[in-house]
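Take a look at the structure set out below.
Protein chains in written order, with the working numbering: chain A, 7 to 190; chain B, 2 to 167.
Structure below.
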């Protein structure tokens, strides 16, 4: 810990070669480090999981500690789509449009039983899991999950963000995966 | 509701539409008049205009499916806000062709309620200005509150017999 910063922790620098006045490492690791600690989430909150998210953003749990203090309410500027709550079938196209408007690289966190599987709403009007219309990176179980669980999901997203290859989004596998959802 | 009040309502309906009344009485603590479907809009209009009745507020309009009768009922709940009197009118339609004239000529608020009743029960309100689905997705091909359709989403995979059963 640096002197004078109090309890503020600075992200670990990646492995590299260091000398007087220079530090050499791979670009991928630096980009991963920067992205990991500056995720802009877009909260797509439709019900009680959204309330837990508000607690997560509040002073007590404080998601800002993980570099996500800046919520983005425009999908075009967001990195992470956090889907929290029951998604009715009528909401499905809206959610899909929000996802399509996000710029690459983008990640999706499905918070709670409803977003992940439909939850208790096994009924004609509710989408039985958002992964039927958009790809999901991390699922957070719970009905609703506690803020600690949401933070755990964010940390898992951070691990994905940090380790992701810069070329992954250009790969044929990634495009094929999106095509299975009908997304260009 | 007091019997005198009930008789008064029935006498007002009976002035012109006595032959339309099939049944009248307290049903679940609520005065309910079951009517033939033909003159329902005229009767509601008469109850709206009559100086002693003034049922000028439509609390709700909804459908009920009776699969054993092969009928769909439409229930109208009216409210007199001057005397705080409530009245339920009920008509029965055959499931095969559930059509009834629209009430939007009397109550503008019937517009969305009739759309909802169409959405969930398939009741056709003739003369409705915009009879299309209101709550469910437009692609839906069933009327989900009819009891022949299962409540559950049939594509759900995690509820097979090895897990919890249905």
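Each residue gets a CB set at the ideal place from its N, CA and C atoms; glycine is no exception.
Contacts between residue 145 of chain B and chain A, judged by CB atoms closer than 9 Å, involve 129, 130 and 131 in chain order. Judged by DSSP in its simplified three-state form, residue 96 of chain B adopts coil rather than helix or strand.
Taking residue 102 of chain A as reference, the option from A:170, A:190, A:40 and A:158 with the minimal CA-CA separation is A:190. Bridge pairing for residue 63 of chain B: B:76 [DSSP].
Neighbours of residue 157 of chain B in chain A, taken as residues whose beta carbon is under 7 Å from its own, are 124, 128 and 134 in chain order. Take residue 62 of chain A, set aside five residues on each side of it, and the residues of its chain with a beta-carbon closer than 7 Å to its own are 69, 153, 156 and 157, in chain order. In this structure residue 91 of chain A is not in contact with residue 133 of chain A, their Cβ atoms being roughly 11 Å apart against a cut-off of 8 Å. With fewer than 16 other Cβ atoms from the protein chains shown falling within 10 Å of its own Cβ, residue 150 of chain B counts as exposed.
The three-state reading of DSSP puts residue 67 of chain A in coil, since its state is none of H, G, I, E or B.
Here residue 81 of chain B is bridged, per DSSP, to B:86. Take the alpha-carbon of residue 46 of chain B and the one of residue 107 of chain B: they are about 6 Å apart. 9 Å or more divides the Cβ of residue 56 of chain B from the Cβ of residue 28 of chain B. Look at residue 153 of chain B: its C-beta is under 9 Å from a C-beta on chain A. Between residue 161 of chain A and the set A:86, A:31, A:120 and A:180, the nearest pair of CA atoms involves A:86. An exposed status is given to residue 19 of chain A, since fewer than 16 other beta-carbon atoms sit within 10 Å of its beta-carbon.
Any Cβ of chain B closer than 9 Å to the Cβ of residue 98 of chain A would place that residue at the interface, and such an atom is present. Taking residue 44 of chain B as the centre and dropping the five residues before and after it, the same chain places the C-beta of 14, 18, 21, 36 and 90 closer than 8 Å to its C-beta, in chain order. In the structure shown, the three-state DSSP call for residue 106 of chain B is coil.
With contacts defined by Cβ atoms closer than 9 Å, residue 75 of chain B and residue 124 of chain B form a contacting pair. For the pair residue 55 of chain A and residue 117 of chain A, the CB atoms are nearer than the 9 Å cut-off. Taking 9 Å as the threshold, the shortest C-beta distance from residue 70 of chain B to chain A does not fall below it.
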